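All letters in the sequence shown, in the order written, are residues 1169 to 2117 by our numbering. C-beta: ideal position from N, C-alpha, C; glycine also. What you are looking at is a predicted structure, and each value in this text was computed from that prediction instead of being measured. Note sheet for the following structure.
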Amino acid sequence: LVILLDSKAQQTELEWISYPPNGWEEISGLDENYTPIRTYQVCQVMEPNQNNWLRTNWIEKGNAQRIFVELKFTLRDCNSLPGVVGTCKETFNLYYQETDSEVGRSLRENQYVKIDTIAADESFTQGDLGERKMKLNTEVRIIGPLSRRGFYLAFQDVGACIALVSVKVYYKKCWSIIENLATFPDTVTGSEFSSLVEVEGACVSDAEEEADNSPKMHCSAEGEWLVPIGKCICKAGFHQKGDACEPCGRGFYKSSSQDLQCSRCPAHSFNDREGSWRCDCDDGYYRALSDPPSVACTSESACSNLVYNINQTTVGLEWNPPADTGGRNDVTYRVICRRCSWEPEECVPCGPNVGYSPAQSGLVDTYLSVVDLLAHANYTFEVEAVNGVSDLSRTQRLFAAPSQVSEVIKEKVQQRSIQLSWQEPQQPNGVITEYEIKYYEKDQKDRVYSTVRSKSTSATVNNLKPSTAYVFQIRAFTEAGYGTFGPRLEITTQEEATAAIVSSEQNPVIIIAVVAVAGTIILVFMVFGFIIGRRYALAGPIGLSAPVSLLKFPGTKTYIDPETYEDPNRAVHQFAKELDASCIKIERVIGAGEFGEVCSGRLKLPGKRDMSVAIKTLKVGYTEKQRRDFLCEASVMGQFDHPNVVHLEGVVTRGKPVMIVIEYMENGSLDGFLRKHDGQFTVIQLVGMLRGIAAGMRYLSDMGYVHRDLAARNILVNSNLVCKVSDFGLSRVIDDDPEAVYTTTGGKIPVRWTAPEAIQYRKFTSASDVWSYGVVMWEVMSYGERPYWDMSNQDVIKAIEEGYRLPAPMDCPPGLHQLMLDCWQKDRAERPKFDQIVSILDKMIRNPNTLKTPVGTCTRPISPLLDQSTPDFTAFRSVGEWLEAIKMERYRDNFTAAGYGSLESVARMSIEDVMSLGITLVGHQKKIMSSIQTMRAQMLHLHGTGVQV
C-alpha cells in the first residue's frame, strides 16, 4: 500500500473545514489502545433537517488511478436517545471532488460527487460509552479512475450522532521485484478491479534476454505480481547465483549464455581474470580458429628419424610420425626442398621444375618421392608435421626479435668514409624494416658510439677520421624490436695525404709553419672543449654561430640541455623543424595537457604523403615562461631519433596557436591500453613491449639524457603495439596530475616510480631511471595496476627505506620479477644498465624457458625472496604464524575451519580457494595470494621441486 492520508498518524490539529461551524467539531481523544488521536464528532440529533459538511485538506494522488478510502467511526443507536424519533439518523454520506490544485477554504456542495451512504454495522448506547467499549465500524470504499492531480474528501451528516475516529486514504501497487534475473519496477495497479498491467522486465547486470523470450510480469489490482513470462540468462563469462549474475572465477570460463555453469579451463589453458568467456593457451600451446573454447589447447607436432634413398635424380624420403601429436588428430606433412651451393648457408627454393609424388603438402602417409632433380647437385629437405595450430605457433615465433647479422663485408674504405654490406640474418623472425650500424673509435676510452640506419643491406658511414681504427656492429629491426648486435668488425680508414705535407719534404720552413698552425688549432680546440665541458653545451651559451657538430668529434651524439641556451627560440629552431601551419589540419581534441589541448590531425608536407599526427597546442593568454617551457619539450625531443622514442615531426612558432607536432600513437598511453585489454596478451608479447621500452631508454641513456618521470602513463603505444618513450617536458608533473607526487624543496616527484636517492637527495641519473623502469615492468605485468595500491606517499617512502619491494604480479614469471628486484637495488651502482636489461629481455624472447628461472644481473646471490624484509616462510611452524607475519591474522579461523593446517596445503591454494574462505576484500585477496606465490618460490628454491597446484 501507498498511504496518501492517515489521520491517526497526526496528533496535532487536522484543521479540516467544517460547515456550518457549529456542526462537525474536532476533538482530541483516545483510540482503543489509549493512544491520543484527533477525531471529528457531530451529534445534532435534537433538531430536524441537519446538513453538516466536513472536508479534508487537498490530497495529491501521485500515480494512482484507483483510490481506497478506509473509514473508522462510532455511531450512537437512535433508540437509546429518548425524544428524537424522526430527527435522528444512523448514516452519513461520503463525497469527493477532483481538482488539479487546492481551491481554497470555500465549500460548494454541488461540486462534489457522492461515493456512497455509509451505515454502521454496530452502534453503541449510553451504557456502552460508560464502560468505554469502543464499537468501531470499518468501511472501505473505492474511487476511480481519477484523472486530475488530486482530490478532496467530504463527509455529510444529516442528523446522526457520529465520531469519525480515523480516515486512511491509499492506493495499491506492485513493489519492485527480481524474477528470472529480470528487474520489474514499482508498478501502480490498473484502474479496474479485474485489470492486469503488463510490465516488461530489465535484465540484471551481466544478463541478457533469452532469445525470443523477453521477460514480462503482470501486476494485479490487489498489488500482486502474476503470470511471469520469459526470462533473462547470464551472459558468457557469468553464472547465476541467486538473483544476480556473478563472474566466473579465475581458472574458469563460460563460453555461451546458454551454458548454465562455469567450467574449469581445458587442459593446457588458463585465465587469470574473472568473467572470462574463454581460457588462454599456455606458452607453447595453441587453439585453432575453428576450435571451440571447450577444446584443450594443443601444441605443434614434430617428425623424427628422416631417412632418404637416392636413385639417379629421384630421392625417396621416409620418416617416423611425431611421438607426440600435440593432442590433435589432424596431423599432415609437407616437404620443403632447397637447392644449395657447396658453400654453407647459400640455398634457394627448388622451384616448380621439381615433382613430388604423391604431393608436396597435405600428406597423410610418412613417405614421399621427389623427382626431376638435377644431377650432381646439393639438396636439403625438411619435413614438417602440420596440424591445426602450426600457423598460430609460427606467428607467435615471428614475434621474437631477429637473430644476429653475422657476415659483414667492407666494400670500400676511404679517408673519411667506409662502405659496408651484409647478409640478412639467418632467422629474421618477421619482416626486417631497418638495420642499425653502431660504430666507435677503437682507442677511445669512454667508447661514445654513433649510429647510422639503413633500409637495405648496405650503408656508407661518413665523417670519419683518417688513419683511425673503428669498430662496427650491425643489428636488424622488425616489429618485435631490435635483434642483438652482431660480432665486432674492426676497420681502419686510409691515411690523409695533402699537398702541404708532400711539399714539406723539400722546405723545412713549411714544416715549422704547418706544425705551428696545427698547434694553434689544437690549443684553441682544447680551450673551447674545456669551456664547453664546464657548461654542458657547445654552441648556445657562448653565442657561436657555427653548428654544434663542427666542434664535436665526428659522428658522436650527446644530449644538449636546452636550458643552457640564453634564447630558447634558438634552441628549438636548432633541434626542431619549423612547419607551416597551413600544412596541419586539426581534426579533433583527444585530451588536455599542461599547457593546452592535445589534438589529433593530419600533416601534409609538400612532396610527401599526409600522415596522422598528434598536436600539442599552447593555450591562449600564455606567459613567456609558459611558452619557453612548452617549446623546451620540442627542443629535447628533436634531438632523439629511435624507433622506441616518440618522434617529433616539427613545431609551429611563427603562428598561432603555437604547436608541437609529433607522430600519432593510436593506442594512447600504455597504462590505459593495458587496463582496457586486461589479460589479452601472452607473456612473450608483454616482454616484447618491455623490450621496446628498454631499447628506447638505452638510447636515451647512451645520449646522456635522464628522463626522471618514466612510468607506463608516459609510454605511448601505436597500432602495431610498438611502445615508445614520451613526455620530455621539463616541468614533469603538472599541478592537477592525478598521480601522487611528493613535494620537496626542489619540486614535485612521482613517488611511486622514483628511486629513493632521487626522492631524498634529488640525485637523478640513468640508474634512477632504471628503478623507474622496474616499476614500469610491474605495471605492464599487472596490466596497469597502480603501484603500491592504496598506500599513501609517506607509507611508500617508509616501506622502501625499510626494504619492502613490490611482490610479483599474478602469474608473473620468476625471471621477470627477479629483473624488477635488480632494478630496485638500494645501491644504484648495483642496478643493471639498460643495455643489460635489453640483453636479458632478448634472451627471454628467444628462449621463453628463461622466464621461469630468475637471471640476476647483480653480484648478490639470486633469491626468490621479495627483499630482505620478506619473511622466510620455511621458518614458520604453523599457518597462524604465517598469517600473523603478513598481518592477516584476522582470517586464522577461516583457514582452520577449511582444514588448512599446514603451510604445504596453503601453498597449493588458488585464488578461488582463498575466496571460498569468505575473504571478500580484493586487497586482502591479493596480499594473501602474493604471499602464497612467494611461499611457492621459496619452497622451489630450497627443495628443488615445485608445488603442484
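- For Phe1798, the enclosing alpha helix (DSSP H) covers residues Glu1792 to Met1805.
- Remark: C-beta atoms of Lys1784 and Ile1828 approach each other more closely than 7 Å.
- Taken through DSSP and simplified to helix, strand or coil, Trp1590 comes out as strand.
- For Asn2015, the three-state secondary structure derived from DSSP is coil.
- Note that the C-beta distance between Gly1391 and Thr1357 is below 7 Å.
- Here DSSP, grouped into helix, strand and coil, assigns Thr2064 to helix.
- Under the three-state reduction of DSSP output, Asp1427 falls in the coil class, being neither helix nor strand.
- In the DSSP assignment, Gly1759 forms a beta bridge with Val1766.
- In the structure shown, Ile2079 adopts helical secondary structure according to DSSP, grouped into three states.
- By a beta-carbon distance limit of 8 Å, Phe1236 contacts Ile1310. Their separation comes to about 6 Å.
- A residue is called buried once 16 or more other Cβ atoms fall within 10 Å of its Cβ, and Ala1322 is buried on that count.
- Beta-bridge annotation (DSSP): Arg1506 is paired with Pro1517 and Thr1548.
- Inter-residue distance for Glu1817 and Arg1756 is about 19 Å (C-alpha atoms, whole angstroms).
- Inter-residue distance for Ile1728 and Ile1968 is about 33 Å (C-alpha atoms, whole angstroms).
- Here Glu1194 is not near Leu1239, since their CB atoms are 7 Å or more apart.
- Glu1970 and Asp1995 have their C-alpha atoms spaced approximately 14 Å apart.
- Short of 8 Å from the beta carbon of Cys1471, and not among the five residues preceding or following it, lie these beta carbons of its own chain, in chain order: Trp1487, Asn1488, Pro1489, Pro1490, Tyr1501, Thr1534, Val1551, Glu1552 and Ala1553.
- Per DSSP, reduced to three states, the secondary structure at Ile2087 is coil, with no helix or strand assignment.
- C-alpha of Phe2002 to C-alpha of Phe1352: approximately 60 Å in a straight line.
- A contact is defined here as three or more CB-CB pairs under 8 Å, and the region 1764 to 1773 fails this definition with respect to the region 1799 to 1813.
- Between Glu1258 and Trp1226, the alpha-carbon positions lie close to 28 Å from each other.
- Boundaries of the beta strand (DSSP E) harbouring Trp1393: Trp1393 to Ile1397, taken from the DSSP string.
- No Cβ-Cβ contact shorter than 7 Å links Glu1801 with Asn1886.
- Within 10 angstroms of the beta-carbon of Val1788 lie fewer than 16 other beta-carbons, which makes it exposed.
- For Val1253, DSSP records no beta bridge to any residue.
- Within the region 1910 to 1940, the runs of beta strand (DSSP E) that reach at least 3 residues and sit entirely inside it are, in chain order, 1910 to 1912 and 1915 to 1917.
- In this model, Ala1370 and Gly1443 are separated by some 21 Å (Cα to Cα).
- Ranked by how close their Cα comes to the Cα of Asn1439, the residues Asp1979, Phe1763, Ser2046 and Gly2086 have Asp1979 in first place.
- Taking the Cα positions, Cys1465 is about 15 Å away from Ser1423.
- When the five nearest sequence neighbours on each side are left out, the beta carbons in the same chain lying within less than 6 Å of the beta carbon of Pro1730 are those of Ala1739, Cys1800 and Ser1803, in order along the chain.
- Boundaries of the beta strand (DSSP E) harbouring Ile1659: Leu1657 to Thr1660, taken from the DSSP string.
- Looking from the CA of Leu1394, the closest CA among Gly1417, Glu1746, Lys1409 and Trp1343 belongs to Trp1343.
- Take Pro1216, set aside five residues on each side of it, and the residues of its chain with a beta-carbon closer than 6 Å to its own are Thr1255, in chain order.
- Taken atom to atom, the span from the alpha-carbon of Ser1940 to that of Lys1966 is near 17 Å.
- By the CB criterion at 7 Å, Gly1952 and Asp1839 fall inside the cutoff.
- Distance from the Cα of Val1365 is smallest, within the candidate group Thr1933, Thr1355 and Ser1373, for Thr1355.
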